[in-house]
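Single-structure report; data block below.
Residue numbers (the numbering used here): 43 to 145.
Quick look at the structure:
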C-alpha cells in the first residue's frame with residue numbers, strides 16, 4: 043500500500059499544505075485532490091501516493107485525527123473508504139472485510 047486517503051480536509055487548504063504536512067514521512071509521488079469545477083474548490087478529500095509503502099504506513103499511523111486548517115483530518119487506506127461508499131450497510135461492510143482477512 044503506497045496510497046493513503048485523506049478526508050475532512052478544510053476547503054481553504056491547497057495541495058502545498060497537504061504536501062508540507064505529509065512530506066516528513068517519505069518521498070511523495072503524487073497528490074490528487076478532486077476538484078469541483080462548479081464550486082471552484084476541492085471536494086474535501088485527497089489521495090497521497092508515496093514512493094515507499096513504509097512512508098504511507100507511517101503517515102496513516104501518525105496523521106489520522108491530526109488537526110490541519112481547523113479540522114481533524116481522517117487518514118486511511120483507499121480500499122476501506124471506497125468500500126464504505128459502495129456497500130449500503132455497515133454490517134455488509136463488516137462481513138466483507140471479515141471474509142477478506144486471513145487468520
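Don't be surprised by glycine CBs; every beta carbon is placed ideally from N, CA and C. Here the structure is a predicted model, which is why all the values come from computation and not from measurement.
Q | Identity of the residue in 100, 86 and 67 nearest residue 114 by Cα | A | 86
Q | Near the ligand SAH: residue 62 beta-carbon under 7 Å from a heavy atom | A | In the structure shown, the ligand SAH is absent, as is every other ligand, since no ligand is present at all.
Q.
Taking DSSP's pairing of strands, which residues face residue 89 in a bridge?
A. 47 and 74
Q. Thinking C-beta only, is residue 117 closer than 8 Å to residue 97?
A. no
Q. Helix or strand or just coil, what does DSSP make of residue 60?
A. helix
**Q.** Proximal residues to residue 53 (C-beta, below 8 Å), its chain only, five neighbours per side dropped
**A.** 83, 84 and 86
(Q) Can you tell me where the beta strand (DSSP E) holding residue 118 begins and where it ends? (A) 116-119
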